[in-house]
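Encoded as structure tokens, the structure appears first; notes follow it.
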Amino acid sequence: MSTSHRHLRFENLPLSAMASTTKEVLADLSPIIKVYTDGTVNRLLGSPHVPPSPEDPTTGVSSKDTTISPTLSARLHLPKLKHPTQKLPILVYYHGGGFCIGSAFSLIDHRYMNTLSAESGALVVSIEYRLAPEHLLPAAYEDSWDALNWVCSHVLDQTHLEKDQWITNHADFNRVFIGGDSAGGNIVHNIAMRAGSESLPGNVKILGAILSHPYFWGSNPVGNEPKEDIEQTLLYRLWLLVYPSAPRGTDNPLINPLADGAPSLSGLGCSKIIVCLAEKDMLRARGLVYAEEVKKSGWKGEVEVVKIEGEDHCFHIYDPQTVKAKNLIKRMASFVSQ
Numbered sequence: 001m002s003t004s005h006r007h008l009r010f011e012n013l014p015l016s017a018m019a020s021t022t023k024e025v026l027a028d029l030s031p032i033i034k035v036y037t038d039g040t041v042n043r044l045l046g047s048p049h050v051p052p053s054p055e056d057p058t059t060g061v062s063s064k065d066t067t068i069s070p071t072l073s074a075r076l077h078l079p080k081l082k083h084p085t086q087k088l089p090i091l092v093y094y095h096g097g098g099f100c101i102g103s104a105f106s107l108i109d110h111r112y113m114n115t116l117s118a119e120s121g122a123l124v125v126s127i128e129y130r131l132a133p134e135h136l137l138p139a140a141y142e143d144s145w146d147a148l149n150w151v152c153s154h155v156l157d158q159t160h161l162e163k164d165q166w167i168t169n170h171a172d173f174n175r176v177f178i179g180g181d182s183a184g185g186n187i188v189h190n191i192a193m194r195a196g197s198e199s200l201p202g203n204v205k206i207l208g209a210i211l212s213h214p215y216f217w218g219s220n221p222v223g224n225e226p227k228e229d230i231e232q233t234l235l236y237r238l239w240l241l242v243y244p245s246a247p248r249g250t251d252n253p254l255i256n257p258l259a260d261g262a263p264s265l266s267g268l269g270c271s272k273i274i275v276c277l278a279e280k281d282m283l284r285a286r287g288l289v290y291a292e293e294v295k296k297s298g299w300k301g302e303v304e305v306v307k308i309e310g311e312d313h314c315f316h317i318y319d320p321q322t323v324k325a326k327n328l329i330k331r332m333a334s335f336v337s338q
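full-length UniProt numbering puts the first residue of the sequence shown at 1, with every later residue one more than the last.
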């Protein structure tokens, strides 16, 4: 797939048939999504949903789905246990898809989370947050924060929330991680910033954050970003679709943490981060500048940058069997397990 079609984290299996061409198009962000004036939303690309499984034959990981609230759910991935009471790192993961496509229940993400759980030995909680344009931002951010709070609430003896036994029995709340790809990587940054100023249940702390090919953007081009017709780029138009009311547009700190007036990156509420980038990805340069600015901010944590040559956006999810994909997943896994 060309670089122009891999700017955002979206899956490359066709879904439903194209909407009627007689409808009036409100927003055409092909090859990702089309929105029509009658409210119809046509997600052009995606991956079919698959059910959880008691034990994945390839990885040995067990999975199940759980409901957090009427509008929020998750898929849990539990690796093989060495003993019945084993405590594991817990990784709360946010899928990509430009805030408008993708799912924790999709084939491609289910496979990816099984692999990451097996490699890291972590209990993975993959969040099914609400998507735009039906649920415009900041809905996905709020869902993601609520999901992390729900996970951390399991550390409390008394809570009104219904607890999940896998989390209760196996989560080590001294080893809480958050992670995400593309739009999910953007969510991770914003959740970490919020955790720097708001307490999580039981005063749980985030140990580490994985930002894989994070979706950041802004009005001033960086590195390999287009220098002309910026407002026609997919990345610019996508942000306006998913958050049309965002103050300052693409210089809103949620999408541009380097914008003038954005909160200091020294406020990140975790102890270490890893930023994963790909050479051919349009998001690479801004991700690299982000990591450099975190280092300069006075933040006391550890910053690691992983740069993969010759690859494009989220290559390790689309084709996880390549040597480079396997190595990247192992690196992310060791970030959690070490």
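All C-beta atoms in this analysis are idealised placements derived from N, C-alpha and C, irrespective of residue type, glycine included.
query, result
"Once DSSP output is grouped into helix, strand and coil, what is the label at H95?", "coil"
"Run the CB neighbour count on T40, radius 10 Å, all protein chains shown included, and call it buried at 16 or more, exposed below.", "exposed"
"Would you report the Cα separation of T67 and S73, rounded to the nearest angstrom?", "4 angstroms"
"G208 and C270: beta carbons closer than 8 angstroms?", "yes"
"From the DSSP output, in three-state form, read off A192 for me.", "helix"
"Relative to the alpha-carbon of E134, which residue among D146, M113, T37 has its alpha-carbon at the smallest distance?", "T37"
"Looking at the structure shown, is L161 part of a helix, part of a strand, or coil, going by DSSP?", "coil"
"Consult DSSP for F216 and reduce its assignment to one of helix, strand or coil.", "coil"
"In terms of residue numbering, what span does the alpha helix (DSSP H) encompassing G287 cover?", "284-296"
"Any idea what DSSP makes of P201, helix, strand or coil?", "helix"
"Select from F335, P48, D28, Y93 the residue whose C-alpha is nearest the C-alpha of V305.", "F335"
"D181 and I90 look like a contact to me (Cβ under 8 angstroms); what is the Cβ gap, rounded to whole Å?", "That pair is no contact at about 18 angstroms."
"Can you give the Cα-Cα distance for I187 and S197, rounded to whole angstroms?", "16 angstroms"
"Is the Cβ-Cβ distance between G249 and L238 less than 8 angstroms?", "no"
"If you count every other CB in all the chains shown that lies within 10 Å of the CB of G98, and 16 or more means buried, which is it?", "buried"
"Could you pull the start and end residues of the beta strand (DSSP E) that A27 belongs to?", "25-29"
"Where does I255 fall in DSSP's three states?", "coil"
"Tell me the rounded alpha-carbon separation between A285 and H77.", "32 angstroms"
"Going by C-alpha to C-alpha distance, which of G298, M282, P79 sits closest to W166?", "P79"
"According to the Cβ coordinates, are V61 and A140 closer than 8 angstroms?", "no"
"Kindly indicate the opening and closing residues of the alpha helix (DSSP H) around C314.", "Where C314 is concerned, there is no enclosing alpha helix (DSSP H), given that its DSSP letter is neither H nor E."
"Write down the C-beta distance between L258 and G218 rounded to the nearest angstrom, noting that I regard them as a contact closer than 8 angstroms.", "7 angstroms"
"If you scan the segment 63-143 from start to end, which runs of the beta strand (DSSP E) of 3 or more residues do you find wholly inside it?", "72-78, 88-94, 123-128"
"Quick one: what's got a C-beta closer than 6 angstroms to R175's C-beta in the same chain, skipping five residues either side?", "P89, L207"
"Based on DSSP bridge pairs, tell me the residues matched to A171.", "L88"
"Going by alpha carbons, who is nearest to S337 out of L123, H316, E231, S63?", "L123"
"Quick one: any contact between the segment 292-305 and the segment 261-268, if contact means 3 or more CB pairs under 8 angstroms?", "yes"
"Relative to the C-alpha of K87, which candidate in N169, G102, Y236, D146 has its C-alpha closest?", "N169"
"Would you kindly report the start and end of the unbroken beta strand (DSSP E) that includes S271?", "270-278"
"Starting from the Cα of E142, find the closest Cα among D109, S106, I191, L116 and give me that residue.", "I191"
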